[in-house]
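Q:
Protein chains: 2
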Amino acid sequence: MPRPDIRFCRLCGTPTEQRVPPGEDRERAVCPACGYVDYVNPTAVVGTVPVWGEDGGAVLLCLRAIEPRRGRWTLPAGFLEYGETLAADAERETREEAGARIELEGIYTVLDVVHAGQVHVFYRARLLDLDLDPGEETLEARVFPLAEIPWDELAFLTVRRTLECYLADRAAGIGFPVHTEAIPWVPRP
Amino acid sequence: MPRPDIRFCRLCGTPTEQRVPPGEDRERAVCPACGYVDYVNPTAVVGTVPVWGEDGGAVLLCLRAIEPRRGRWTLPAGFLEYGETLAADAERETREEAGARIELEGIYTVLDVVHAGQVHVFYRARLLDLDLDPGEETLEARVFPLAEIPWDELAFLTVRRTLECYLADRAAGIGFPVHTEAIPWVPRP
């Protein structure tokens, strides 16, 4: 997928050219001065499904204080930083956005969001207590009984899909296998 | 992790400044002219463990024709491209590097390679036939009985770890759960 907005070399500032580097099969922004190739790759967003109660019958959601999707509910999640592991990112985002202490369980959903150039990864997690302390990206952090999840006010399709998987797997009672799928692009009204 | 080599805005060519953007917690290369923030995120490398035989008793490896690790054996794998799903990347790399036709099975290992700013993901896969046709990144594609895997000539630690998981899980006979872990940095001799 082309990124026509990339027009200068990040390393030396020379205007880049769109061309196919040797041995490759697609156009990239290439620097004619220093040879730097500006690869554009999908980014990873990592979060958690923090559940509460012996039976995991309630889940923590955060009301977003920032765009995109301000005023909608999300699972805690955010961009994986260079130098960070997926698990560390999952815990950090849950702490930063909800002030929640969790015990990470297994990786749970791995979802391609092709139209956004992202991969969303959610871990299952267990809330250790109910002392929440939402950060500045969050208007409110609240633990919802599963029957009260605000399905029509969720922020992202990957959050919806991950919660759907959790409810279905929990109802089936056969554990929590990892789900991998691509999220179809749906235009917003 | 800082990237001091990023010194110019990719969008407008202005020299960037290292500073902490509003609402964030770490320094980024920020453009003082157009406001662009040059986020640096880990990249995903996706591949397969292509096995052969009813009992999955043999595995396809590729002898690398390119650096890094030219002349060492790897599982087929490569960088996830913008606009591509993880599964599509896994199949593409297997086709490009080995000329192999496969049926993808589940996601299998998800490995942080923090020191390289990468996440490596391997899917289990079944070879559909033995008609291999290695591409230009590969000197030779060969199906090894598991007892003959060239452990001392493998290209990457994530390849080694994924093969170790496969052999252990296959021996245990209780299926192939997803493995997630961080690969420790080991200096090369």
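Protein sequence lines, in the order shown, are assigned to chains A and B.
For the first sequence, position 55 (counting from the first letter as 1) is numbered 929 according to the working numbering, and the numbering increases by one without interruption.
For the second sequence, position 41 (counting from the first letter as 1) is numbered 915 according to the working numbering, and the numbering increases by one without interruption.
Even glycine gets a Cβ: it sits at the ideal position worked out from N, Cα and C.
#1: Provide the residue span of the alpha helix (DSSP H) that contains V988/A, from first to last.
#2: Considering V904/B, what are the terminal residues of the beta strand (DSSP E) in which it resides?
#3: Determine the chain A residues that contact L960/B at a beta-carbon separation under 8 Å, and present them in chain order.
#4: Look up E967/B in the DSSP assignment and say whether it is helix, strand or coil.
#5: Quick check on DSSP: helix, strand or coil for L1006/B?
#6: Counting only Cβ pairs nearer than 7 Å, list the residues of chain A close to Y956/B.
#7: By DSSP, does T922/A sit in helix, in strand, or in coil?
#8: Can you give me the Cβ contacts of E1027/A inside the same chain, cut-off strictly under 6 Å, excluding the 5 residues immediately before and after it?
#9: Output, in chain order, the set of chain B residues within a Cβ distance shorter than 9 Å of F953/A.
#10: Which of the three DSSP states is assigned to R1034/A in this structure?
#11: If you measure between the beta carbons of I1057/A and V993/A, is that distance less than 8 Å?
#12: Whether or not the segment 975 to 983 of chain A and the segment 999 to 1016 of chain A are in contact is what I'm after, with contact meaning three or more pairs of Cβ atoms, one per stretch, closer than 8 Å; do they touch?
#13: Using a Cβ-Cβ cut-off of 6 Å (strictly less than) and excluding sequence neighbours within five positions of T1012/B, which residues of its own chain qualify?
#14: Note down, in chain order, each residue of its chain lying with its Cβ closer than 7 Å to the Cβ of R943/A, except the 5 sequence neighbours on either side.
#15: Using a Cβ-Cβ cut-off of 8 Å, state whether D1005/B counts as contacting chain A.
#16: So for G883/A, helix, strand or coil by DSSP?
#17: Within 10 angstroms of the Cβ of G1074/A, are there 16 or more other Cβ atoms? Answer buried if so, exposed if not.
#18: Kindly say whether R885/A, judged by its beta-carbon, lies nearer than 8 Å to any beta-carbon of chain B.
#19: Give a yes or no on whether 8 Å exceeds the smallest Cβ distance from G897/B to chain A.
#20: R998/B touches chain A at which residues, Cβ-Cβ below 7 Å?
#21: Label R893/A either buried or exposed according to how many other C-beta atoms from any shown protein chain fall within 10 Å of its C-beta, with 16 as the threshold for buried.
#22: Please report whether the beta-carbon of F1050/A lies at a distance below 8 Å from any beta-carbon of chain B.
#23: Considering F953/A, what are the terminal residues of the beta strand (DSSP E) in which it resides?
A: Answer, in terms of the structure:
#1: Residue mapping note: residue 988/A aligns to position 114 of the first sequence, counting from 1. Taken as a continuous stretch (DSSP letters only), V988/A belongs to no alpha helix (DSSP H), as it is neither H nor E.
#2: Start at 1 with the first residue of the second sequence, and residue 904/B comes out as number 30. Start and end: R902 to V904.
#3: Residue 960/B sits at position 86 when you count from the first residue of the second sequence. Within chain A, the residues near L960/B are V984, D986, V993 and T1054.
#4: Taking the second sequence and counting its residues from 1, the one referred to as residue 967/B is at position 93. In the three-state scheme derived from DSSP, where H, G and I count as helix and E and B as strand, E967/B is classed as helix.
#5: Your numbering for residue 1006/B matches position 132 in the second sequence. Here L1006/B carries a coil assignment [DSSP, helix/strand/coil].
#6: In the second sequence, residue 956/B corresponds to position 82, counting from 1. Simply M875, V914, N915, P916 and G991.
#7: As a position in the first sequence, residue 922/A is number 48, starting the count at 1. Three-state DSSP puts T922/A in a strand.
#8: If you number the first sequence from 1, residue 1027/A lands on position 153. Around E1027/A, the same chain offers R946 and W947 as residues with beta carbons nearer than 6 Å, after the five sequence neighbours per side are excluded.
#9: By 1-based counting over the first sequence, the position of residue 953/A is 79. Listed by position along chain B, the residues whose Cβ is nearer than 9 Å to that of F953/A are Y913 and N915.
#10: Start at 1 with the first residue of the first sequence, and residue 1034/A comes out as number 160. In the three-state DSSP reduction, R1034/A falls in the helix class (H, G or I).
#11: The residue you call residue 1057/A lines up with position 183 of the first sequence. The residue you call residue 993/A lines up with position 119 of the first sequence. Judged by beta-carbon spacing, V993/A lies beyond the 8 Å limit of I1057/A, meaning their Cβ atoms are not closer than that value.
#12: Flag = yes, the segment 999 to 1016 of chain A and the segment 975 to 983 of chain A touch.
#13: For this step, residue 1012/B is matched to residue 138 along the second sequence. The answer, listed in chain order, is C936, A939 and E971.
#14: Locating residue 943/A in the first sequence gives position 69, counting from the first residue. Hits under 7 Å: A1029 and F1030.
#15: One-based indexing of the second sequence puts residue 1005/B at position 131. By this cut-off, D1005/B is not an interface position.
#16: By one-based count along the first sequence, residue 883/A stands at place 9. As written in the sequence, residue 883/A is Cys, which differs from the Gly given in the question. DSSP, read as helix, strand or coil, puts C883/A in coil.
#17: A question about residue 1074/A goes unanswered here, because the residues of chain A that appear run from 875 up to 1063.
#18: Counting from 1 along the first sequence, the entry for residue 885/A is found at position 11. A quick correction: the sequence has Leu, not Arg, at residue 885/A. Among the residues facing chain B, L885/A is included, as its CB has a counterpart in that chain under 8 Å away.
#19: As a position in the second sequence, residue 897/B is number 23, starting the count at 1. The C-beta of G897/B comes closer than 8 Å to at least one C-beta of chain A.
#20: In the second sequence, the residue the question calls residue 998/B occupies position 124. Neighbours of R998/B on chain A: none; closest Cβ ~12 Å, over 7 Å.
#21: Walking along the first sequence from the start, residue 893/A turns up at place 19. By the C-beta density criterion, R893/A is exposed, having fewer than 16 other C-beta atoms within 10 angstroms.
#22: Within the first sequence, the letter at position 176 stands for residue 1050/A. Between F1050/A and chain B, the shortest Cβ-Cβ separation is not below 8 Å.
#23: In the first sequence, the residue the question calls residue 953/A occupies position 79. Run containing F953/A: A951 to F953, per the beta strand (DSSP E) assignment.
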